[in-house]
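Only one structure is covered here, and it is reproduced in the block below.
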């Protein structure tokens, strides 16, 4: 399907009088205004509201309290409910929360509810997806030019599709459930221009760790982050999602990547709904612009206990580690596992520390068992991981990225040192307050698993 | 810079009280709410509501014991007095309420109380004095003092809710992460106040402090020092009312 690229009528955003950024244009359309500027407070029409098992029950509680027990949601086709956080646990309250979601979806006839009933075998649940941000993309809920709100800070991941996407709280979500609208403030935009050929030992995770290290964990607070340049254009959709996923780790309100042929191709078999991408005007005003020559960048990590505690992976080569974790909305996508597999293939060795693999979604899990890894002679990721001595890929969910209930697979129940492809390393993030988390790309994580120390992937990839 | 921006998202929510007449002409009847009808969304100087506060009689509440979501009366508190609990920079939501407790649903009253008992339990053990003592449900510290970027991390509303449910009335930090600030106002659980200097380095846990909301100042009685706070502006009345829904009802934006 050819995307519609035409501008809307002058009544919305068509005739541009003052130049706007992409984020401003998306919000202008969603608020039915011809023009707006950073700082404007606007009522925005929401295209998609996403919630999950952690914040859904509370949002539903507020919706019922404020709009009435018999109230109906504003649009049963624009709400996407994805259990993904605390699924494979015997925690009764966690299980109850999924039941609350199910009852609500039945009552409201919610069109998109990715349910799970049989916790003993995720494959017995054809509707179950897994990690919400990855599932949203795979199921075609992310579309250029739209507004997507979710009760999860990593909702910003969807900005990879050239849309406005940000995280909100339960009370705001309760309001959206009833009205389909939310009062938002238009953020100013920081622009990140990344040019240069990306070396084959780098991944998008390195790019975003570089940026967060540069501007700090509060450097983009209340701001939009727009990613452009030849390097960004060369990234596939999953890598663009990694980039946008972590804007919240710099305090950002949203991140955006301009939609292009890569975006349209990804969407071809995923959505039949029309969408209209928008782009920053050439004269648009950016709060500041940062430029990076990616060809000179080296593999990075974020040391404990902050995502902006940047260091070169090779500078940490003496840091002994206890385990490696590959998973989450940030680093548990198909491309992330293919990247890890590439390192294992290149080394031909076995891992020296327990290596936990948690595919983000059921689709990713299936890919691990079916897709051939390039350069491996036709082996799948799962075969390569098994030969390397990794743990068997676990049931898709958010897993141990945020700790979760005590019986969560791969949760850090002891003060271990972990190299992880996840997004946060604040104290206690993966379960234990004294645990130490090194955030890294899947390349760096796999390389570190092979040595038992934080390791620059060039040791195996060159 | 981030600090001054952080007040602003709320500025227009409250200016709609100034245009109350136009609102009452179109009472919102959920679920078919027509929000854009009260849309003269012009920002007002933040200090305007603030002077209204200042003119009001100040009553001292020794410590927070109010129930959640209750709408305070007209003579409601504009002064908080009590012990402070001091933390550092980048206190993220995992430290405020670790993920393992997120199975508790804040809108469930019993679980709301329970969430409160775990507030700030995620702080490292280097914090020898705990925010809530073992086997207690409430904190004895009604004011939390922090550094930069307080509440960063996840969007979990459980974070301001846990603090409020524990009995904290206000957080005074150098700056806030966006979602925490918004969730604090939306729920009305705690006042997210901003200091002009890093008072987290000058106050100690257990110091006796008073916050004069109307005068935007914090007095540390233990050290005898006084600090200016940035005005809470239009967010103040929303928190006072008990959150956005309570405020909207109180001001006639939506039917009571």
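Residue numbers (this note's numbering), protein chains in the order written: chain V, 1 to 462; chain U, 463 to 718. Virtual Cβ for every residue (Gly too), placed ideally from N, Cα, C.
Which class does residue 394 of chain V belong to by DSSP, given the choice of helix, strand or coil? On the first chain, position 394 is the one that residue 394 of chain V refers to. Assignment of residue 394 of chain V by DSSP, reduced to helix, strand and coil, places it in the coil class.
When the Cα atoms are used, what is the spatial distance from residue 470 of chain U to residue 224 of chain V? For the purposes of this step, residue 470 of chain U is taken as residue 8 along the second chain, with counting starting at 1. For the purposes of this step, residue 224 of chain V is taken as residue 224 along the first chain, with counting starting at 1. Residue placement at residue 470 of chain U is flagged as unreliable, the pLDDT there being 35, under the threshold of 50; the coordinate-derived value follows with that caveat. Rounded to the nearest whole angstrom, the C-alpha separation of residue 470 of chain U and residue 224 of chain V is 16 Å.
Among V:429, V:62 and V:341, whose alpha-carbon lies nearest the alpha-carbon of residue 448 of chain V? The residue you call residue 448 of chain V lines up with position 448 of the first chain. Comparing alpha-carbon positions, the option among V:429, V:62 and V:341 lying closest to residue 448 of chain V turns out to be V:341.
Counting pairs of beta carbons, one from the stretch 130-146 of chain V and one from the stretch 325-342 of chain V, are three or more of them closer than 8 Å? Contact between the stretch 130-146 of chain V and the stretch 325-342 of chain V is present, because at least three Cβ pairs lie under 8 Å.
Would residue 104 of chain V count as contacting chain U if we go by Cβ distances under 8 Å? Along the first chain, one-based indexing puts residue 104 of chain V at 104. Interface annotation, residue 104 of chain V: not in contact with chain U, CB-CB separation never under 8 Å.
Give a yes or no on whether 8 Å exceeds the smallest Cβ distance from residue 483 of chain U to chain V. The residue you call residue 483 of chain U lines up with position 21 of the second chain. Low per-residue confidence applies at residue 483 of chain U: pLDDT is 33, beneath 50, and the placement is therefore not dependable, though the value from the model is reported in the following sentence. With 8 Å as the cut-off, residue 483 of chain U does not count as an interface residue toward chain V.
Going by alpha carbons, who is nearest to residue 139 of chain V out of V:73, V:128 and V:230? The residue you call residue 139 of chain V lines up with position 139 of the first chain. Taking only the C-alpha atoms, the option nearest residue 139 of chain V is V:128.
Would you say residue 533 of chain U reaches chain V, if we count a Cβ-Cβ gap shorter than 8 Å as a contact? For this step, residue 533 of chain U is matched to residue 71 along the second chain. Any reading at residue 533 of chain U must be qualified, since the residue scores a pLDDT of 39, below 50, and its modelled position is unreliable; the value itself is stated next. Output row for residue 533 of chain U: interface = no.
Kindly say whether residue 66 of chain V, judged by its beta-carbon, lies nearer than 8 Å to any beta-carbon of chain U. Position 66 of the first chain, counting from 1, holds the residue named residue 66 of chain V. It does; some Cβ of chain U falls within 8 Å.
Which residues DSSP lists as bridging residue 165 of chain V, in chain order: Your numbering for residue 165 of chain V matches position 165 in the first chain. DSSP output for residue 165 of chain V lists V:148 as bridge partner(s).
Could you check the C-alpha separation between residue 277 of chain V and residue 268 of chain V for me, to the nearest Å? For this step, residue 277 of chain V is matched to residue 277 along the first chain. For this step, residue 268 of chain V is matched to residue 268 along the first chain. The straight-line gap from Cα to Cα measures roughly 14 Å.
Are any of the Cβ atoms in chain V nearer than 8 Å to that of residue 597 of chain U? By 1-based counting over the second chain, the position of residue 597 of chain U is 135. The Cβ of residue 597 of chain U sits no closer than 8 Å to any Cβ of chain V.
Any C-beta of chain V sitting closer than 8 Å to the C-beta of residue 718 of chain U? Numbered from its first residue, the second chain carries residue 718 of chain U at position 256. No, residue 718 of chain U lies away from the interface with chain V (no Cβ there is under 8 Å from its Cβ).
Can you name the residues that DSSP bridges to residue 358 of chain V? By one-based count along the first chain, residue 358 of chain V stands at place 358. Note: residue 358 of chain V sits in a beta bridge opposite V:327.
Leaving out five residues on either side along the sequence, give the residues of the same chain with a beta carbon under 6 Å from the beta carbon of residue 55 of chain V. Indexing the first chain from 1 puts residue 55 of chain V at position 55. Take residue 55 of chain V, set aside five residues on each side of it, and the residues of its chain with a beta-carbon closer than 6 Å to its own are 151 and 170, in chain order.
CB-CB length for residue 334 of chain V against residue 238 of chain V, believed under 8 Å: The residue you call residue 334 of chain V lines up with position 334 of the first chain. The residue you call residue 238 of chain V lines up with position 238 of the first chain. About 7 Å separates the beta carbons of residue 334 of chain V and residue 238 of chain V, which is inside the 8 Å limit, making them a contact pair.
Looking at C-alpha atoms only, which residue of V:118, V:72 and V:125 is the closest neighbour of residue 106 of chain V? Residue mapping note: residue 106 of chain V aligns to position 106 of the first chain, counting from 1. Distances from the CA of residue 106 of chain V to each of V:118, V:72 and V:125 were compared; the closest alpha carbon is that of V:72.
CA-to-CA distance, residue 28 of chain V to residue 388 of chain V, given in whole angstroms: Residue 388 of chain V sits at position 388 when you count from the first residue of the first chain. Residue 28 of chain V sits at position 28 when you count from the first residue of the first chain. Answer to the nearest angstrom: the Cα atoms are 51 Å apart.
Does the beta carbon of residue 699 of chain U come closer than 8 Å to any beta carbon on chain V? In the second chain, the residue the question calls residue 699 of chain U occupies position 237. No, residue 699 of chain U lies away from the interface with chain V (no Cβ there is under 8 Å from its Cβ).
is_contact[residue 530 of chain U, chain V] using C-beta, thresh 8 Å: Taking the second chain and counting its residues from 1, the one referred to as residue 530 of chain U is at position 68. The pLDDT assigned to residue 530 of chain U is 38, lower than 50, so where the model puts this residue is not dependable, and the model offers no usable value.
Check the Cβ-Cβ distances between residue 707 of chain U and every residue of chain V, and say whether any is below 8 Å. Counting from one through the second chain, the residue named residue 707 of chain U turns up at place 245. Yes, because at least one Cβ of chain V sits closer than 8 Å to the Cβ of residue 707 of chain U.
Which complete beta strand (DSSP E) runs does the stretch 167-234 of chain V hold, if anything under 3 residues is left out? Along the length of the stretch 167-234 of chain V, whole beta strand (DSSP E) runs at least 3 residues long occupy 181-185, 189-195 and 224-228, reported in chain order.
Under 8 Å between C-beta atoms, does residue 97 of chain V make it to chain U? Sequence index remark: in the first chain, residue 97 of chain V carries index 97 (1-based). By the rule that beta-carbons nearer than 8 Å mark a contact, residue 97 of chain V touches chain U.
Three or more beta-carbon pairs under 8 Å between the stretch 352-360 of chain V and the stretch 389-405 of chain V, yes or no? The stretch 352-360 of chain V makes contact with the stretch 389-405 of chain V; the number of CB pairs closer than 8 Å reaches 3 or more.
Where are the alpha helix (DSSP H) runs, 4 residues long or more, that stay fully inside the stretch 537-569 of chain U, in chain order? Within the stretch 537-569 of chain U, the complete alpha helix (DSSP H) runs of at least 4 residues are 555-558.
As assigned by DSSP and simplified to three states, the class of residue 630 of chain U: Sequence index remark: in the second chain, residue 630 of chain U carries index 168 (1-based). Residue state, collapsed to three classes: coil.
Which residues DSSP lists as bridging residue 87 of chain V, in chain order: Counted from its first residue, the first chain places residue 87 of chain V at position 87. Answer is none; residue 87 of chain V lacks a bridge partner.
Quick check on residue 542 of chain U - is its C-beta less than 8 Å from some C-beta in chain V? Looking up residue 542 of chain U in the second chain gives position 80. It does not: the Cβ of residue 542 of chain U has no partner Cβ on chain V nearer than 8 Å.
Kindly give me the distance between the Cβ atoms of residue 153 of chain V and residue 646 of chain U, rounded to whole angstroms, as I take these residues to be in contact under 8 Å. Start at 1 with the first residue of the first chain, and residue 153 of chain V comes out as number 153. Start at 1 with the first residue of the second chain, and residue 646 of chain U comes out as number 184. Incorrect: roughly 15 Å between the Cβ atoms, too far for contact.
Unbroken alpha helix (DSSP H) run spanning residue 645 of chain U, endpoints: Counting from 1 along the second chain, the entry for residue 645 of chain U is found at position 183. From DSSP, the alpha helix (DSSP H) with residue 645 of chain U extends over 640-649.
Output needed in chain order: residues of the stretch 212-242 of chain V with a Cβ under 7 Å from some Cβ in chain U. Of all residues in the stretch 212-242 of chain V, 217, 218, 221 and 222 have a Cβ within less than 7 Å of some Cβ in chain U.
Whole-angstrom Cβ separation of residue 633 of chain U and residue 625 of chain U, contact assumed at under 8 Å? Looking up residue 633 of chain U in the second chain gives position 171. Looking up residue 625 of chain U in the second chain gives position 163. Between residue 633 of chain U and residue 625 of chain U the beta-carbon gap is near 7 Å, inside 8 Å, which marks them as a contact.
For a cutoff of 8 Å on Cβ pairs, would you count residue 86 of chain V as touching chain A? No chain A appears in the structure shown, which is made up of the protein chains V and U.
8 Å Cβ cut-off: residues of chain V touching residue 584 of chain U: Position 122 of the second chain, counted from the first residue, corresponds to residue 584 of chain U. For a Cβ distance threshold of 8 Å, residue set 427, 428 and 433 of chain V lies close to residue 584 of chain U, ordered along the chain.
I'd like to check one pair, residue 300 of chain V with residue 313 of chain V: are the Cβ atoms closer than 8 Å? Counted from its first residue, the first chain places residue 313 of chain V at position 313. Counted from its first residue, the first chain places residue 300 of chain V at position 300. Contact flag set, yes.
Enumerated in chain order, which unbroken segments of the beta strand (DSSP E) with a length of 3 residues or greater are wholly contained in the stretch 256-299 of chain V? Whole beta strand (DSSP E) segments, 3+ residues: 288-293.
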